[in-house]
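Chains as they are written, first to last, in my numbering: chain A, 3 to 470; chain B, 3 to 470.
Yeah, the Cβ is synthetic: ideal placement off N, Cα and C, and Gly gets one too.
Note that the structure is a prediction, hence the values are computed from the model and not measured.
Presented below is the structure to which this report refers.
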């Protein structure tokens, strides 16, 4: 028995000696070293450990340090201590087979030109202004900010949004009817995942597949509405309980919902007790005239207005909002739970200051100008290099649709990939159940690249387009 | 017809004149004023509006300003314009009945002393150190931070956690097996809400009702394990597929899981293919000896280790983590979705710096000392004023349990309320299906008040306790 630990102890001593430094002092270092020795198999299950005194002398540490470390590891289940049998490595402790470390996926050679829709130019994030707002907000915040949160979201942000959305988007609300969330998908989950709303839900025949997936996961059947040059055919609404629309700028095909349709969908909601979900994903970005106000303003009790800063600022901030009809507020808060379980309270405070200080308006103005310039360059490049291809949906937003001759979309997407361009064709957004005729087109996210990358991306795009 | 607008126009003119200032210039102000006039009923549906020229002259603005405003409101559906019939207020536009503004709930007179468990002292948030980390992180961040996120969470944070959790909690992992989330409830939803794990799930007979609610909402049946002086009776585990434990400090009764039980639950997991969910909610706060390392270290392939900064820093940060066995990583990421849809990416960067810079260690050390002081004051106050009442679970954590004679808990909670104290009895944490004998006790969250509020809260508590 005596020899069983002598050899081990010698090894332990020499092994551990090397490692007996690091954060937390020698005791913590000894614990780490012993754990590692057991884990690696250098100390096999059942091995008797040297008495405190021997190991302490060997390592040049106090006897108590070793005693403490053994006691700790007994409490954790690595070692066992029995009267008369000394301290041993526990039998149950895993000696793992060569553990396969989870490697980072091989660094894929990404596309050289990113023209996928959906994200703002990541290099444009207003770091200095954001930091100034965040610091001001945190310094001025009352202590209760750091306690359990309000599931509706910070009142400062809801007040700022009430003012901003009225002014910029024609939304008519008050702070008590706004619920902060992490973005559009979170809003859908809160509305449908907890039973506040039920399907079937009418959606536009072209839209974001990610949203359809979120809805499907919540058990909601979606029914596609065909689109025409005036937007979604809301006259086709039937027994659905709600309809999800992108009225300011149909996603992804690009036009605004016609005024008559805006009125008609509100009429439908009133007559049928239906609800309009308004996805105002890029309502601030309209280039050739002022933005069209939100449908919500026409009847705040029939419309849930949903927005976020994912397009206007950055998806990294992960903040959005729902402006709710009075009668849904309590139900949505009940789904959210007693505490703010999702959105960063600190970022909410920062964003409130960002709105109130005017920094948000300044940033949107700057980005509107920048994206308008990119839109103009895209249109000009097409006019010069591919005059047979029409760009639609260019009056607003962060993307355009390049219309293609029927049957040519798939090969155009492939040609783009050959040129190192990442983008999607319209088919990627098509509702699987729609019977409307398929349109061929490329969805070009001209906001995505950084300023210096946009020119080369545009040139590559022109090379990829099909000849007349 | 002509008169129908003359009166209105006069009123419009005088009304609007007052309001034609504000953000966005006169055109935006005119649009807002007209919307409000329609909404309030001052302009009834069908009312013909004055010609551009008349209103422009009346208001002293350019004719184009009025024309633009009308066109905007036609596009938005507030007005209709027909050849020969002029511009009219749309028939469908709501004239709301006296809208009931959603009032803030009457300001309840809250308890004077907050001793509910679960939150750190909100006044202790390290604002300066946090701001320094956040600023440093944002200034140094590459641009891609502001684009679409990694659903696993920022690599900087996962690397920092790998190092920190190994050092402070004995967790054995690597960044590729960590998934960032918004906190413990979010972790449960990711694990059970998307079908990665299924019930039945064994839980401790006393625990957080909120967690049981989240699990119930995900359709997971929970089976209570009785507790004794060594913690959960893991020998009672049967056909459950997983068990949720608080090994470092049973919540809320307070003891650590005995070393033999730690080993036994790992044995069970190996023999039955089961999984241990380790809720390490306050593992850093142990006062009379160093923290007990995580069970995860005993077998990283059988334990999901879950932690957050909600107790150590603030629930307002809304960040937590799961350390997963290799085989669950992809499934959890699939449930999370293609994009990081929840946790603030900016706060993740800030927290990574907070760990790496040592600020987190410093903060935890400072709070450990502060809470130990409070724990000592609680024990001393009891010894002096209520020596018949034993405080248990005081070796660690942010709360203690004051044991009461059988049948006296409900009246003690009431007596506390009379003294203006908010706290819960043990009954609030009891699993409804457990058959273990009920214990009577008060759960005292001694970390919750600010420093200056703690003394008075303690005095009130002593007054509220039942006499011997």
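(message) I'd like to know if residue 181 of chain A contacts chain B, where contact means its C-beta is closer than 8 Å to some C-beta of that chain.
(response) no
(message) For the region 67-82 of chain A, list every residue whose C-beta sits within 9 Å of some C-beta in chain B, in sequence order.
(response) 70, 73, 74, 75, 76, 77, 78, 79, 80, 81, 82
(message) Quick check: what's the CA-CA separation for residue 397 of chain A versus residue 306 of chain A?
(response) 25 Å
(request) Would you check if the distance between the CB atom of residue 204 of chain A and the CB atom of residue 322 of chain A is smaller than 8 Å? (result) no
(request) Spell out the partners DSSP gives residue 125 of chain A in its beta bridges. (result) Per DSSP, none; premise fails for residue 125 of chain A.
(request) Report the neighbours of residue 64 of chain A on chain B: residues whose CB is nearer than 8 Å to its CB, in chain order. (result) Simply none; closest approach about 15 Å.
(request) Measure the Cβ-Cβ separation of residue 264 of chain B and residue 79 of chain A and say whether it is below 8 Å. (result) yes
(message) I need the DSSP call for residue 323 of chain B, collapsed to helix, strand or coil.
(response) strand
(request) Count the C-beta pairs between the region 136-152 of chain B and the region 347-365 of chain B that are closer than 8 Å, then say yes if the count reaches three, no if not. (result) yes
(request) Please state whether DSSP places residue 104 of chain B in a helix, a strand or coil. (result) With a pLDDT of 47 at residue 104 of chain B, under the threshold of 50, the modelled position of that residue is not reliable, and the figure given next carries that caveat. Coil.
(request) Put residue 307 of chain A into one of helix, strand or coil per three-state DSSP. (result) strand
(request) Take the Cβ of residue 420 of chain A as the centre, count every other Cβ of all protein chains shown within 10 Å, and call the residue buried at 16 or more, exposed below. (result) exposed
(request) Could you tell me if residue 146 of chain A is buried or exposed, where buried requires 16 or more neighbouring beta carbons within 10 angstroms of its beta carbon? (result) exposed
(request) List in chain order: all unbroken alpha helix (DSSP H) runs of 4+ residues lying wholly within the region 258-296 of chain B. (result) 261-274
(message) With a threshold of 8 Å on Cβ separation, who are the neighbours of residue 277 of chain B within its own chain once the five nearest residues in sequence on each side are excluded?
(response) 199, 243, 244, 245, 271, 304, 305, 306, 327
(message) According to DSSP, simplified to helix, strand and coil, what is residue 226 of chain B?
(response) strand
(message) I need the straight-line Cα distance from residue 19 of chain B to residue 123 of chain A, nearest angstrom please.
(response) The predicted position of residue 19 of chain B is uncertain, since its pLDDT is 48 and thus under 50; no value can be drawn from it.
(message) Give me the chain B residues within the contact set of residue 188 of chain A, using Cβ-Cβ distance strictly less than 9 Å, ordered along the chain.
(response) 343, 344
(message) Using the three-state DSSP reduction, which class does residue 448 of chain B fall into: helix, strand or coil?
(response) coil
(request) Note down, in chain order, all residues in the region 142-154 of chain B with a beta-carbon under 7 Å from any beta-carbon belonging to chain A. (result) 145, 146, 147, 148, 149, 150, 151
(message) Using the Cβ count rule (16 or more neighbours within 10 Å means buried), how would you classify residue 126 of chain B?
(response) buried
(request) Inspect the CB distances between the region 288-299 of chain A and the region 166-181 of chain A and report whether three or more fall short of 8 Å. (result) yes
(message) For residue 423 of chain A and residue 456 of chain A, I'd like the C-alpha separation in whole angstroms.
(response) 11 Å
(request) Would you mind stating whether residue 385 of chain A and residue 418 of chain A have Cβ atoms separated by less than 8 Å? (result) no
(message) Which residue marks the beginning of the alpha helix (DSSP H) containing residue 157 of chain B, and which one marks its end?
(response) 157-171
(request) Can you give me, in chain order, the residues of the region 117-128 of chain B that have a beta carbon less than 7 Å from any beta carbon in chain A? (result) 121, 124, 125, 127
(request) Please look up how many angstroms separate the CB atoms of residue 202 of chain A and residue 223 of chain A, rounded, as I've assumed it's under 8 Å. (result) 5 Å
(request) Please report how far the alpha carbon of residue 162 of chain B lies from the alpha carbon of residue 156 of chain A, in whole angstroms. (result) 29 Å
(message) With H, G and I counted as helix, E and B as strand and the rest as coil, what does DSSP make of residue 180 of chain B?
(response) strand
(message) Strictly by DSSP, which residues pair up with residue 393 of chain B?
(response) B:404
(request) Whole angstroms is fine: what's the gap from residue 29 of chain B's alpha carbon to residue 81 of chain B's? (result) 16 Å
(message) Is the beta carbon of residue 289 of chain B closer than 8 Å to that of residue 254 of chain B?
(response) no
(request) Using a Cβ-Cβ cut-off of less than 7 Å, list which residues of the region 303-337 of chain A approach chain B; keep chain order. (result) 316, 317, 318, 319, 320, 328, 331
(request) Can you tell me which of the three DSSP states residue 203 of chain B falls into? (result) strand
(message) Considering only DSSP beta bridges, list what residue 84 of chain B is partnered with.
(response) B:88
(request) State yes or no: is the C-beta of residue 447 of chain A within less than 8 Å of the C-beta of residue 406 of chain A? (result) no
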